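A.B. asks: To start, I am sharing the structure in question, which I have written as structure tokens.
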Amino acid sequence: MSIGLQFAGKIDRPEALLEAAKILADERNYHLAGGEGGLKIVLCPLGGELNILWRPEENPAGPWLVRGGCMSTPAGAGLHRAAVELVDNLPIRSLVVEDETGFYRHRDFQRMKEEHFYPWLRTLVDVCRRESGKGVSGMQLCWDLEQYAPEDIPDTVVTPMGRFRLSELVRLTEVGGVEALASRFFLWNGRTHDACFFRNRAINALWEACCFAPSTRSLEDTAVNGAILDDLERAAKLDPSLPLPRGAYREVCALAEREPALPEGPELEEEFAPGYRKGPVTHAVGVLRLTLPGAWLYSWERWENGGGAHLWSGGEDDPVWRVSAYRMREGDARFTDNLATLNGVEGMELKGGALRWGWKEIWEGGERLYQAQCEVIAGPFLYVLTATCTAPGDLGQVAQTIGRICVVSSTARKETIQASKEL
């Protein structure tokens, strides 16, 4: 039941469309990425992208056919309006727009919210109302299933805009009406980049992206911390009366070694302090689930032979985790002979699979290290995990992490993804 728009038309040549899109993106502080077959304009977080593809109609000399679209939920009605206006200003001829909200035709922003975005939000609240008080765990709304899963807290729901008690979302709607909840749940609920937009963009980054680590740790931390502070300070200038997460602001200021600059004003009331990544989070690699500290940074390690591994690392003294995934061409996966070279091999049965692991000493750069190696089999899938430590005592922590590994069936994963799409 997502809300969005699609369009199709013709252009003279891709270069002209790219040039016009770049001018518009620069004017409106959007991010543009282009390739041979299309372009993407990022208007805001939470899937706020306008995607356009093109291909020659008959002759490469032109004209070219284009098609594109934008998914407006969960970002909000502001994104929908901005996407429509962006399409209006691109050099696309014979333009045909399919806008389920009707906004492209009537341009009544409040009507669009009341007839489409508010009913969409009420449906989510109804789901929360039905589940409230049942002690449900692992509930997520509008959450990207391709990224980490925050830790479970019963009777709460994970959203890109923070963690809420199910009863709280219901109460917010009943006390302040759906408009009050919309200004907190949608990242872009207003017509323009107003104070609420910058406040909510910062809230999303605090909850979803911020590691609450010093900016000096990495370029990623520098960028995230700085963007949060800039957005909150901008929101305060635009509307000094807007409640802001001032405690989190001061915390990030200290991490960024930046003097607080917010004027006095109201505090945003939240039961849960921002930051999913302050606690453990669970990463998905295929059907494998691996729980690690949320503050650890992720990267893809590319190997010279063309392969690669998922890599997570924390501080200098923390274990470095790598995960590689393989699928058998025929039959189920089996443990490899590499386990015979390890010390203290142990095994564990999993629901839908099994694992074995042990450890050995290795030498890297003249330094003796201790590496745990773990293999997980689940049907045709084989996952090879390593955790490299600087001290033998760290293997105890690694053993605890391995003990929390689990696998999910492919059927269960498909059902989860389908349920998410339906919401």
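Using the numbering used here, the first residue of the sequence shown is number 5, and each one after it goes up by one.
We treat Cβ as the ideally placed atom computed from N, Cα and C, and that holds for glycine.
Because the structure is a prediction, the values reported are computed rather than measured.
1) Mind checking S245: buried by the 16 CB within 10 Å criterion, or exposed?
2) Could you check where the alpha helix (DSSP H) with I406 kicks off and where it finishes?
3) How many whole angstroms separate the CB atoms of L248 and A240, which I take to be in contact at a CB cut-off of 8 Å?
4) Since I believe L292 is in contact with Y387 (beta carbons under 8 Å), could you give me their beta-carbon distance rounded to a whole number of angstroms?
5) According to DSSP, simplified to helix, strand and coil, what is Q151?
6) For M75, which residues from the same chain have a beta carbon less than 6 Å from its beta carbon, with the 5 sequence-adjacent residues on both sides left out?
7) In three-state DSSP terms, what is H110?
8) Per the DSSP calculation, I56 is bridged to which residue(s)?
9) Thinking just about the alpha-carbon of each residue, which of H197, P267, I15, V182 is nearest to the one in W68?
10) For R254, count the other beta carbons within 10 Å of its own beta carbon; 16 or more makes it buried, fewer makes it exposed. Which is it?
11) At the level of alpha carbons, what is the spacing between S424 and Y122?
12) Taking DSSP's pairing of strands, which residues face N347 in a bridge?
13) On the premise that V256 lies in contact with V289, defined as a C-beta separation below 8 Å, what is that separation, rounded to the nearest angstrom?
14) Helix or strand or just coil, what does DSSP make of M116?
15) Quick check: what's the CA-CA separation for G142 versus V162?
16) Which residue comes first and which comes last in the alpha helix (DSSP H) that contains I381?
17) Closest to I157 by CA distance: which of L21, V140, A329 is it?
18) State yes or no: is the C-beta of R331 within less than 8 Å of the C-beta of P267?
19) Could you pull out every residue in the same chain whose Cβ sits closer than 8 Å to the Cβ of E271, ignoring the five residues on either side in sequence?
20) With H, G and I counted as helix, E and B as strand and the rest as coil, what does DSSP make of D198?
21) Could you name the residues of the same chain whose beta carbon sits closer than 8 Å to that of R126, not counting the 5 residues immediately before and after it, in chain order?
C.D. replies: Reading off the structure:
1) exposed
2) 399-407
3) 6 Å
4) That pair is a contact at about 5 Å.
5) Looking at Q151 - three-state DSSP - the assignment turns out to be coil, as it is neither helix nor strand.
6) S6, G8, G51
7) Look at H110 here: in three-state DSSP terms it is helix.
8) In the DSSP output, where bridge partners are listed per residue, I56 has L43, G72.
9) I15
10) exposed
11) The predicted position of S424 is uncertain, since its pLDDT is 41 and thus under 50; no value can be drawn from it.
12) W363
13) Not quite, the Cβ-Cβ distance comes to about 30 Å (not below 8 Å), so this is no contact.
14) helix
15) 8 Å
16) Where I381 is concerned, there is no enclosing alpha helix (DSSP H), although the beta strand (DSSP E) it sits in stretches over 371-382.
17) V140
18) no
19) Excluding positions up to five away in sequence, the list reads P247, L248, P249, R250, G251.
20) coil
21) T177, V182
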